[in-house]
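Step one of this worksheet: look at the structure below.
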Amino acid sequence: MKNKRKLALLALVAVPSLIYTAPTTSASAADVSGHAKTAYIYNNNYYYNSNVTNVVQLISNINDTYYSFQANLEAALKAYNELTETEKQYVTNYSTLSNHQQTRVAYRKLAAQIDEKLASVESTSVNYYQNVMETKDWYNTLNAAQKTFVSAESQRILNSYITPNTSIDKVVNKIQLLNSSRISFHQDVADARAELNALRKHTNVSLPAGVEKILLDAEQLVVKDKAAAKEVENAIAALSPKTSTAQDVQAVKTAFEALTPVQQQLVPNVWTLADYVNGKYDLPAKGNAKKTPTFSDKAALPGKTTAMTRNKNTYTAKINVADSENSTERFVLTTKSNMTVIIPPLGTLLNEDTGVMEIQITRNLNRITFQATLNNKPVEFEADMEIILENLPPNASIVRTYDFNEQMPADYTVEGNQHFIQTSTPGTFQIVRN
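Note that the numbering used here gives residue 57 to position 63 of the sequence shown, counting from 1, and the numbers run on in steps of one.
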């Protein structure tokens, strides 16, 4: 009898995990409640529902480089969503599932870019073959999972045999007809090069003597045209209603008029110059001193921590912007709502105005609206502004909301109990509690 008890005890110890079920009467639990009995697996100090174990395994099966990525992700999400709230707490690798969801968003965006590039050139265009080849080269850099997000029609084209919509006679004729005085000169040069490249990818092409040099000379002329236009573009961008005089505007106007018609059409901000020439702005007279803006005596100090002023759910602060201000220290603005705003040094500010920068941040439940303006214009920095949120769940994610409620993943990092949102411009953010 003792030996039998010892054998039973050894058998019990040898089993790595025990199956535990609640005791039932003559009528089973399924008969009473209409639901199947739930089995729990005992492991160390916790009882893990077998459904939880299944979800954990499904998540482990996901590989974001495999062809099966989408199917495995959907299977894991479906199984997870069918768990009870209590069961979901025991899914130890939920953060992995959340990361895969963000990866899927990125893959969809990448696939959309490929679809858009492929559709950007009509199939009858002489540039169609070149565009397909370029897109195919891009497509071939993707892993198996990323390729599954590309539309079926795009995949069909990229995996088909394509021939150029041109011939060597057409290319030679196009090159010989290049004329630098035509408004379409730059596009003509690009088309000729695209057709030649398309032919060379398809067959070995040898052009008549001197023809390719015509194309090379034309391409060099295009480079010079763009450089001349860029100088004028930069000169227009440097004009300021507060500091530029009528003489400055006239100098830029003269430089623009010196460009050829082909070069002039390459200046994208020519209408800004037209506003100055047509007297839209009251320009200071030559030699007049620059006006000093009115600054705030309650502005935040660079390199210091400043408590923002509160009005209900909105916090505000002011920063003085002037040449005399410290341009190397950042501003740390705190609130009483587990939020901190970091403003980069003024030396990285892209706005050229001076005055008082208005900082405002509003938190309404999980929605955060961040505004930063200088003279009623949104500010933009070379370095990122930061919004630090404390005590969010570790698996919480943050998206950025645009017009028409379009949402995209925000740039953020997580360190300990803090989420750091990085943004170079103001915006609206949503906390997603997964």
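Beta carbons are placed, not taken as given, at the ideal position from N, Cα and C, and that holds for glycine.
Taking the CA atoms as reference points, P388 sits about 18 Å from T97.
Assigned with DSSP and collapsed to three states, A404 falls in coil, not helix or strand. Counting C-beta atoms within 10 angstroms of its own C-beta, Y155 has fewer than 16 neighbours from the protein chains shown and is therefore classed as exposed. Residue pairing by DSSP places H413 opposite L383 and V408 in a beta bridge. Assigned with DSSP and collapsed to three states, L136 falls in coil, not helix or strand. In the three-state DSSP reduction, E213 falls in the helix class (H, G or I).
A69: member of the alpha helix (DSSP H) spanning F63 to N75, first to last residue. Taking 9 Å as the cut-off, the Cβ atoms of V165 and L210 do not count as close. In the structure shown, L343 adopts extended strand secondary structure according to DSSP, grouped into three states. Taking C-beta atoms as the reference points, T59 and N137 count as a pair closer than 9 Å.
Between A229 and V246, the gap from beta carbon to beta carbon is short of 9 Å. Between E319 and I337, the alpha-carbon positions lie close to 14 Å from each other. Distance from N87 to S54 at the Cβ level is roughly 7 Å; contact confirmed, criterion being Cβ atoms closer than 8 Å. In the DSSP assignment, E352 falls within the beta strand (DSSP E) that extends over G349 to N358. R176 carries a coil assignment under DSSP once its states are collapsed to helix, strand and coil. Collapsing the DSSP output to three states places T266 in a helix. Taking one beta carbon from each stretch, the segment 141 to 151 and the segment 105 to 122 have 3 or more pairs nearer than 8 Å; the two touch. The continuous alpha helix (DSSP H) containing K164 extends over residues I162 to Q170. Assignment of Y60 by DSSP, reduced to helix, strand and coil, places it in the coil class.
The beta-bridge partner set that DSSP reports for P420 is empty. The closest CA to that of L343, considering only E213, R361, S418 and F414, is found on S418. If you draw a straight line from the Cα of K141 to the Cα of N66, it comes to about 15 Å.
L267 is positioned such that its CB atom lies no closer than 9 Å to that of A222. S321 and D347 have their C-alpha atoms spaced approximately 14 Å apart. Relative to R357, the option among F179, N307 and L233 whose CA is nearest is N307. When only Cα atoms are considered, M333 and I392 end up about 14 Å apart. A404 and W132 have their C-alpha atoms spaced approximately 25 Å apart.
Shortest Cα-Cα distance from D317 to any of M302, A294, G341 and T300 involves G341.
Y396 sits in coil when the DSSP states are folded into three classes, being neither helix nor strand. Taking the Cα of N153 as reference, the smallest distance to any Cα among K82, Y84, K236 and N134 is reached at N134.
If you ignore the 5 residues before and after P255, its C-beta comes within less than 7 Å of the C-beta of I177, all in its own chain and listed in chain order.
For F375, same chain residues with a beta-carbon under 6 Å away, outside a window of 5 residues either side, are P338, T342, L343 and S418 in chain order. Our two residues, E116 and E189, have alpha carbons roughly 14 Å apart in a direct line.
Boundaries of the alpha helix (DSSP H) around V49: S44 to S54. The three-state secondary structure of Q259, taken from DSSP, is coil. Put simply, of A113, T363 and V205 the residue whose alpha carbon is nearest the alpha carbon of I415 is T363.
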